[in-house]
Structures are given as C-alpha cells and as structure tokens.
Amino acid sequence: MEGCVLQFGNIVVQGENLLLVSSLLISYVMFYYGIKILKIERNIMDLILTVLLTVYSFGNLVALHHKLYLII
7 MEGCVLQFGN IVVQGENLLL VSSLLISYVM FYYGIKILKI ERNIMDLILT VLLTVYSFGN
67 LVALHHKLYL II
C-alpha cells in the first residue's frame, strides 16, 4: 500500500477516505470544544450582566434614599 494509511484493527482507511475520516474527526472535535467554549462564554456574560444589574440597582437604591432624605 502506498501513501497515508490509517488502520483500526481490521479496518484500513487510505486515500480520499482517510481525508474524509480525518476531516469528520476534526469537525467533531472543533464542534464539541466550540460548544464548551460558548457555554463558558455565556456563563461569563451572565456573571458580568448580574454584576452590572446589581451595581445599577444599588445605585438606584442610593439615589432613592437620597431623594427620600431630601424630602423628609
């Protein structure tokens, strides 16, 4: 046999089939890790949004407290 050959037990993959199998494996790995990265990114964005909303809410609470203090 010539060229690149990949063998899994009795199964031999070579030529264009080897290219197909390797591209499918690469696609699967990139998709799998892409989903993991997107989940991590979403968790980070949720954390940032929560912090920003908390700070904004606290700022509104302080402003409301000062308004009530001025009214009283």
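Everything in the sequence shown is counted per the working numbering, starting at 7 for the first residue and increasing by one. Glycine included, every Cβ here is placed at the ideal spot set by N, Cα and C.
| query | result |
| --- | --- |
| Between the alpha carbons of Ile41 and Leu30, how many angstroms are there, rounded? | 16 Å |
| Taking the straight line between their C-alpha atoms, what separation do you get for Val19 and Ile32? | 16 Å |
| Could you please give me the residues that DSSP links to Val11 through a beta bridge? | Gln20 |
| Note down the Cα distance separating Val35 from Asp52, rounded to an integer number of angstroms. | 26 Å |
| Quick one: what's got a C-beta closer than 7 Å to Leu55's C-beta in the same chain, skipping five residues either side? | none |
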